[in-house]
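Student: One structure, pasted below without further comment.
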Amino acid sequence: MSILTYIIGWPLAAALALVFVPRNYRVVIRAVALLATFVSAALAVKMFIQFPGAPAGPDHYRFEAFVPWAASLGIQYHVGVDGINAGLVLMSAIVAFAATCVAWEIRDREKEFYILLLIMAGGVLGAFASLDIFFFYLFHEFALIPTFIMIGVWGRGGRKNYATYQITIYLSLGSLLALLGLIALYLEAGAASFDIPVLVRHLREQPLGAGAQGLIFPLLLFGFGILVSLWPFHTWAPLGYASAPSPTAMLHAGALKKFGLYGLLRIALPMMPEAARSWAGILAWLCLGNLLYCGWVAMRQKDFNWVAGYSSVAHMGFVFLGIASLNLIGVTGAVVVMVAHGFLAALVFGLNGFVYQQTGTLEIRELGGLLRRLPFIGAAMVMAAFAGCGLPGFANFAGEITVFFGAWKPLRVVAILGCWGALVVGAVYLLRAIRGVLQGPLPGKWSVLTDAAGWWRKLPFALLLASLLVFGFFPRLLTDRIARDVAASVLNLPPAPDHAPVETAQGRR
Amino acid sequence: MALDEILLWTLLFLPLLAAAIITLFTSRRRRLSAGISIAAVVLSFLLALVVFAGFQADQPREYALNWLSLGDFAVQFGIRLDSLSMLMLLVVTGVAAVIHVYSWGYLAGDPGFSRFFTGLSLFTFSMLGIVAANNFIQLFICWELVGCSSYLLIGFWYDRPAAADAGLKAFVTTRIGDFGFLLGILTVWAALGSLNFAALQERALAQPGLITTAAGLLIFCGAAGKSAQFPLHVWLPDAMEGPTPVSALIHAATMVAAGVYMLCRVLFLLNAPALQVIAWVGAFTALLTAIIATQQNDIKRILAYSTLSQLGYMVLAVGLGGATPAMFHLTTHAFFKALLFLGAGSVILALHHEQDIWKMGGLRQKLPVTFWTFLAGTLALAGVWPLSGFFSKDSILALAAERNHALLALALLTALLTSFYMFRLVLVVFFTNHRSAAAGRAVETPPVMVIPLRLLAIPTVAAGFLGIEYFVARQFEPQAAARLSAWGQLVFPFQHAPLAALSGLAAAGLGFLAAYQLYAGAKKEPLESRLGAFGRAVQNRFYFDELYAATVIRAHEFLARAADWMDRWLIAGLGVRGTHGTTELLGRALRLFQTGNVQTYAFLFALGLAVVLWLALR
Chain C
1 MSILTYIIGW PLAAALALVF VPRNYRVVIR AVALLATFVS AALAVKMFIQ FPGAPAGPDH
61 YRFEAFVPWA ASLGIQYHVG VDGINAGLVL MSAIVAFAAT CVAWEIRDRE KEFYILLLIM
121 AGGVLGAFAS LDIFFFYLFH EFALIPTFIM IGVWGRGGRK NYATYQITIY LSLGSLLALL
181 GLIALYLEAG AASFDIPVLV RHLREQPLGA GAQGLIFPLL LFGFGILVSL WPFHTWAPLG
241 YASAPSPTAM LHAGALKKFG LYGLLRIALP MMPEAARSWA GILAWLCLGN LLYCGWVAMR
301 QKDFNWVAGY SSVAHMGFVF LGIASLNLIG VTGAVVVMVA HGFLAALVFG LNGFVYQQTG
361 TLEIRELGGL LRRLPFIGAA MVMAAFAGCG LPGFANFAGE ITVFFGAWKP LRVVAILGCW
421 GALVVGAVYL LRAIRGVLQG PLPGKWSVLT DAAGWWRKLP FALLLASLLV FGFFPRLLTD
481 RIARDVAASV LNLPPAPDHA PVETAQGRR
Chain R
1001 MALDEILLWT LLFLPLLAAA IITLFTSRRR RLSAGISIAA VVLSFLLALV VFAGFQADQP
1061 REYALNWLSL GDFAVQFGIR LDSLSMLMLL VVTGVAAVIH VYSWGYLAGD PGFSRFFTGL
1121 SLFTFSMLGI VAANNFIQLF ICWELVGCSS YLLIGFWYDR PAAADAGLKA FVTTRIGDFG
1181 FLLGILTVWA ALGSLNFAAL QERALAQPGL ITTAAGLLIF CGAAGKSAQF PLHVWLPDAM
1241 EGPTPVSALI HAATMVAAGV YMLCRVLFLL NAPALQVIAW VGAFTALLTA IIATQQNDIK
1301 RILAYSTLSQ LGYMVLAVGL GGATPAMFHL TTHAFFKALL FLGAGSVILA LHHEQDIWKM
1361 GGLRQKLPVT FWTFLAGTLA LAGVWPLSGF FSKDSILALA AERNHALLAL ALLTALLTSF
1421 YMFRLVLVVF FTNHRSAAAG RAVETPPVMV IPLRLLAIPT VAAGFLGIEY FVARQFEPQA
1481 AARLSAWGQL VFPFQHAPLA ALSGLAAAGL GFLAAYQLYA GAKKEPLESR LGAFGRAVQN
1541 RFYFDELYAA TVIRAHEFLA RAADWMDRWL IAGLGVRGTH GTTELLGRAL RLFQTGNVQT
1601 YAFLFALGLA VVLWLALR
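Listed in order, the protein sequences are those of chains C and R.
Counting in the numbering used here, the final residue of the first sequence is number 509, and the numbers go up one at a time with none missing.
Counting in the numbering used here, the final residue of the second sequence is number 1618, and the numbers go up one at a time with none missing.
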């Protein structure tokens, strides 16, 4: 059986097992959840390391597994990774483990919380590993529904209920649009299969007509776009993340949110290349809504979690810009940003949750000088802010600069304005927030705060930071894996002469 | 791998390794942390000397790793060793090593001791990365990293609001410059198809025209941000909120000079119109900030404005096409300005963190070593023969005399003002009698701080006739470069361009006389009452901060406000809530028709029947 099945299976099996554990065995519940996500993350690391040497199938996918399910509809359990989702699976598994680590903040109905969290983790991993549209979508819903419940039950702040309603309706609407698009795509393609590689191959031989593409592509673009907080469908995100318990915010903002982007890359772009080209310009201008406009809005936020929320929305602009540039450099950069932002968003929301646990507020005006009391957490926050404003050394920089180089030739004006958003606006709102929260004199009432004590409390944050640094220093760990598959399976480019593996794969056909 | 290559990689990464070790393992053990940091930089300096011993100027070498490679976006992380980078490697590691040692004394007892040395090590690594860079992206990466370490070290005392604000201002202002810089890099890449300096140099010659000018000016934006040229000069004086060793290393000797270094590195990309702009910006900055320096009262701010002015000088030299004079002045300036800052730090520490020069006075006898070394720095900065500053400044004046007389006039005026404000500083701080109790009780600082002063005084005096100019000139003007004996160098300015040399000396002399006239024995600022409104404008730095607050910052605040309003009321309000509200209203309206009340249904039925009948029978 494929290693991917284990990566997905451990959290889901643990969720099932927890159902049978009595609720007062809190240590056992937590231990099971931690063990399952840890094993899943360790396996994901192993998968990522073994990836280059693993045998690739005819469509470049590795670690594939098939289980027939509803053969009459062409649905089967089919998992596999190529360069595009290998990094996403790795990132999601690490984020899931980190989120489970910080779930110590939940003190109420722990059993249910851990079960939901594990289901969500399994769902995210399943969505990224699946190569069958049906399972791809099913796993996503698996992850999405627990999100709503967790915000509704364990959420925080006065606007929790409104946040729950809004995020539920908004994201359900997005998924529904995407579902309509996917079903239409299945019917129009006429391949009687939900299998992504089969569909891609089929649609390359018999492309959809311009009319069908023009109808289905916007459904996917906006359906998936809503899920990723594409401007102007972004207002659910800051409110939702400010109200969510931190493990949920980490897993959603970090991992699950990338589902929509992944869907665009895996399904919309390769299957409807003509529509993608005609929508790219519009997408590019919309992404400025994320990069610039949401950056400006972030400048005005008074609550640190809202700054983080808007910053996370703003960062999605890089991915959209990379996708809209529709070339090897831009799309590869977009995937790097997806992975990097996953680690970063999880880190930020985890750290904010740590502070919120003790202060009960993240109003910037109320805070200040916390670095004196929280040297570790504060230092991690400063590093996260630097990663957020694109400082080299962190993975985000590698992705963002690649996106700008990709976008420079096809989308110059947007790239220029996006650079301003990235370099200046991003630095202003993040460092201003740091100035307000960590620097300056420490108000007397916060002199009782305690820093993360012991390696156990530091582990999730250290792990996420280390991941950002590793990919920031050695971006080729990602780009070498990503680029070849972006060329072959997303953009359908002729193989580059210096990419030997593509040639051999091409030769085999 | 050649021995040379191993040495270079080691000297580059040692400081980073030190920063990592301190952060991960030794941050609780203060002395050990400082020791690791100092050992790393001293070792780097020694390795640089070893590399220098085997250095051959006519064979530039390049070692590189592949950092990222996607189609025609190929980025290396490499080391390019030529005269330019060899000189900078020596300057950076040498000055950094001295300042690291000095910091041990200056920050003794500070709770953030380990954090400080982490920052210094990180900075040293990033600065060396800029120096060694063989391509634009590596340069940009390290460029951002020095900005980050500068931010962290300016805000080292983060609970002081002024320090935290200054760090933020420095980072954001330089980021505005970097915005242009990145666009410039993108333009160059799109036009010439490479990011590697060597490859660009081969292709650049064939590219005339507007796009080259634009690229050159955009790249200059980056230099203007980092080297604090007008109009982005406002961050550097505020950066003096950082500890004094930081001001000496980052904001005087090395990082702020990175802009000049970068311009020299890519001089081949700058065409005549771009150079013209660069020259005028440099000259204007030099004069403007020299004027401001004459009326400042904070010892570090005077030196900061002086740094701005001298950076303007270097940029002017680049603009005149003279990479050699620019690099020569950069080198001597690194020595004497670091010396001046460390001397100022010694004064500040001896007076228990007093920085107002009017509360000092009479420190000549109390701080003898500080006084003599500071005087050496002052003479060098003022351009007095035979100290180092004279030669480097003269090489710029000679170039201006040859190419543009208007710029020469500005440069000479700046030289006069430089001499004036520096002697004002020396006369007020070290002469007459003490004007505060703290100044009366001051005693010389410990050897760990005094020895670095003595060490820096050596190149401050001697760097003018050690052949630095020849060393750089071999790269930029290989035909014209001539090796001179030490004596030959001492008299060279008077033979080569006697007018420039003599007028430079005259400017320094006039400046000294004016300062002596006004400040010998002065108890308070004598010019304040005489200059009136102009004096106030100078004291308030020509209101640049206020101007920016009223324009750029307010404009962005307005945009942010507008975006926030739109988000709150139009998108989240009208859009989302509106959809939500409409749906709900619709639901309520529809509910009216489904009350379950038989009479209502009967009434509606009757009404409907009546309407249908009326329509049918009409």
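For every residue, glycine included, the Cβ atom is placed at its ideal position computed from N, Cα and C.
Only a predicted model underlies this, so the values are computations on that prediction, with no experimental measurement involved.
Check the Cβ-Cβ distances between Pro1161 (chain R) and every residue of chain C, and say whether any is below 8 Å.
Tutor: Interface residue, yes.
Student: Going by CA-CA distance only, name the one from R:Ala1317, R:Gly1377 and R:Ala1338 that's closest to Leu1410 (chain R).
Tutor: It is R:Ala1317.
Student: Roughly how many whole angstroms lie between the Cα atoms of Ala500 (chain C) and Leu16 (chain C)?
Tutor: Summary for Ala500 (chain C): the model assigns pLDDT 40, below 50, so the residue's position carries little reliability; its value from the coordinates is reported in the next sentence. The alpha-carbon atoms of Ala500 (chain C) and Leu16 (chain C) are separated by roughly 45 Å.
Student: Where does Tyr186 (chain C) land, buried or exposed, given buried means 16+ other C-beta within 10 angstroms?
Tutor: It counts as buried.
Student: Check distances from the C-beta atoms of the segment 429–444 of chain C to those of chain R and list, in chain order, the residues that come in under 9 Å.
Tutor: Taking 9 Å as the Cβ-Cβ cut-off against chain R, the residues of the segment 429–444 of chain C that qualify are Tyr429, Leu431, Arg432, Ile434, Arg435, Leu438, Gln439, Gly440, Pro441 and Leu442.
Student: Indicate whether the contact test is met: 3 or more Cβ pairs, each with one atom in the segment 1007–1016 of chain R and one in the segment 1118–1131 of chain R, closer than 8 Å.
Tutor: Yes, they touch.
Student: Check this for me: beta carbons of Ala384 (chain C) and Leu438 (chain C), under 8 Å apart or not?
Tutor: No, they are not a contact pair.
Student: Compute the beta-carbon to beta-carbon distance between Val79 (chain C) and Ala42 (chain C), rounded to the nearest angstrom, for a pair I have assumed lies under 8 Å.
Tutor: The pair is not a contact, with the Cβ atoms about 18 Å apart (cut-off 8 Å).
Student: According to a CB-to-CB cut-off of less than 8 Å, which residues of the segment 446–466 of chain C neighbour chain R?
Tutor: Cβ contacts with chain R: none found.
Student: Leaving out five residues on either side along the sequence, give the residues of the same chain with a beta carbon under 6 Å from the beta carbon of Arg508 (chain C).
Tutor: Bear in mind that a pLDDT of 35 at Arg508 (chain C), under 50, signals an unreliable position, so the number given afterwards is only what the model happens to contain. If we look at Arg508 (chain C) and ignore the five residues flanking it on each side, it has no Cβ neighbours.
Student: Taking the alpha carbon of Pro1446 (chain R) as the point to measure from, which residue in R:Ala1053, R:Tyr1102 and R:Thr1093 has its own alpha carbon closest?
Tutor: The shortest Cα separation from Pro1446 (chain R) among R:Ala1053, R:Tyr1102 and R:Thr1093 belongs to R:Tyr1102.
Student: Along the chain, where does the beta strand (DSSP E) containing Glu105 (chain C) start, and where does it finish?
Tutor: Where Glu105 (chain C) is concerned, there is no enclosing beta strand (DSSP E), given that its DSSP letter is neither H nor E.
Student: Can you tell me the Cβ-Cβ gap for Val1472 (chain R) and Met1327 (chain R), rounded? I've got them flagged as a contact below 8 Å.
Tutor: The Cβ separation is near 5 Å, so the contact holds.
Student: Does the segment 1370–1390 of chain R touch the segment 1335–1347 of chain R, meaning 3 or more C-beta pairs lie closer than 8 Å?
Tutor: With the cut-off at 8 Å, the segment 1335–1347 of chain R and the segment 1370–1390 of chain R touch.
Student: To the nearest angstrom, report how far apart Ala268 (chain C) and Leu116 (chain C) are at their CA atoms.
Tutor: In a straight line, the C-alpha of Ala268 (chain C) is about 30 Å away from that of Leu116 (chain C).
Student: Please list, in chain order, the residues of the segment 379–412 of chain C that have any C-beta partner in chain R closer than 9 Å.
Tutor: Listed by position, the residues of the segment 379–412 of chain C near chain R (Cβ gap below 9 Å) are Ala379, Val382, Phe386, Cys389, Gly390, Leu391, Pro392, Gly393, Phe397, Ala398, Ile401, Thr402, Phe404, Phe405, Gly406, Trp408, Lys409 and Arg412.
Student: Under 7 Å Cβ-Cβ, which residues of chain C neighbour Trp1358 (chain R)?
Tutor: Residues of chain C passing the Cβ test: none, with the nearest at roughly 29 Å.
Student: Kindly indicate the opening and closing residues of the alpha helix (DSSP H) around Trp455 (chain C).
Tutor: From DSSP, the alpha helix (DSSP H) with Trp455 (chain C) extends over Gly454 to Phe473.
Student: Under the three-state reduction of DSSP, which class applies to Gly507 (chain C): helix, strand or coil?
Tutor: Residue placement at Gly507 (chain C) is flagged as unreliable, the pLDDT there being 34, under the threshold of 50; the coordinate-derived value follows with that caveat. Gly507 (chain C) falls in the helix class under three-state DSSP.
Student: What are the uninterrupted segments assigned as alpha helix (DSSP H) that are 4 or more residues long and contained completely in the segment 1250–1298 of chain R, given in chain order?
Tutor: Taking only runs of at least 4 residues, the alpha helix (DSSP H) segments lying wholly in the segment 1250–1298 of chain R are 1258–1265 and 1272–1293.
Student: For a cutoff of 8 Å on Cβ pairs, would you count Cys101 (chain C) as touching chain R?
Tutor: False, the Cβ-Cβ gap to chain R never drops below 8 Å.
Student: What do you reckon, are the CB atoms on Glu400 (chain C) and Phe318 (chain C) nearer than 8 Å?
Tutor: Their beta carbons are under 8 Å apart, which means Glu400 (chain C) touches Phe318 (chain C) by this criterion.
Student: Whose Cβ in chain C lies nearer than 8 Å to the Cβ of Gly1440 (chain R)?
Tutor: None at all; the shortest Cβ gap to chain C is about 32 Å.
Student: Just confirm the distance between the C-beta atoms of Ile1357 (chain R) and Leu1425 (chain R), as a whole number of angstroms; I'd bet it's less than 8 Å.
Tutor: Yes, Ile1357 (chain R) and Leu1425 (chain R) are in contact; Cβ-Cβ is about 6 Å, under 8 Å.
Student: The segment 289–316 of chain C: which residues have C-beta closer than 7 Å to a C-beta of chain R, in chain order?
Tutor: The segment 289–316 of chain C vs chain R, Cβ under 7 Å: Tyr293, Trp296, Val297, Met299 and Arg300.
Student: If Arg1080 (chain R) sits next to Pro1060 (chain R), beta carbons under 8 Å apart, how far is it from one beta carbon to the other, in whole angstroms?
Tutor: Contact flag correct, Cβ pair sits at about 7 Å.
Student: Please classify Val502 (chain C): does DSSP put it in a helix, a strand, or coil?
Tutor: Only weak support exists for where Val502 (chain C) lies, its pLDDT of 37 falling under 50; the coordinates are left without a value.
Student: Out of R:Leu1570, R:Gln1475, R:Tyr1106 and R:Leu1195, point me to the one whose CA is closest to His1353 (chain R)'s CA.
Tutor: The candidate whose alpha carbon is nearest that of His1353 (chain R) is R:Tyr1106.
Student: Could you tell me which of C:Phe473, C:Ala340 and C:Val403 sits nearest to Val89 (chain C), measuring between CA atoms?
Tutor: It is C:Ala340.
Student: Quick one: which chain R residues come within Cβ less than 9 Å of Thr248 (chain C)?
Tutor: In chain order: nothing, as chain R lies at least about 21 Å away.
Student: Which residues does DSSP list as the beta-bridge partners of Ser130 (chain C)?
Tutor: Answer is C:Val79.
Student: Throw me the rounded Cβ distance for the Leu491 (chain C) and Leu371 (chain C) pair, which I believe falls under 8 Å.
Tutor: That belief does not hold up - the Cβ atoms of Leu491 (chain C) and Leu371 (chain C) are roughly 45 Å apart, past 8 Å.
Student: Determine the DSSP secondary structure at Val45 (chain C), reduced to helix, strand or coil.
Tutor: Of the three classes helix, strand and coil, the one that applies to Val45 (chain C) here is helix, per DSSP.
Student: For Lys1300 (chain R) and Thr1244 (chain R), which I take to be in contact (beta-carbon distance under 8 Å), what is that distance rounded to the nearest angstrom?
Tutor: Their Cβ separation, rounded to whole angstroms, is 7 Å, which keeps Lys1300 (chain R) and Thr1244 (chain R) in contact under 8 Å.
Student: Determine the DSSP secondary structure at Leu442 (chain C), reduced to helix, strand or coil.
Tutor: Reduced to three states, the DSSP call for Leu442 (chain C) is coil.
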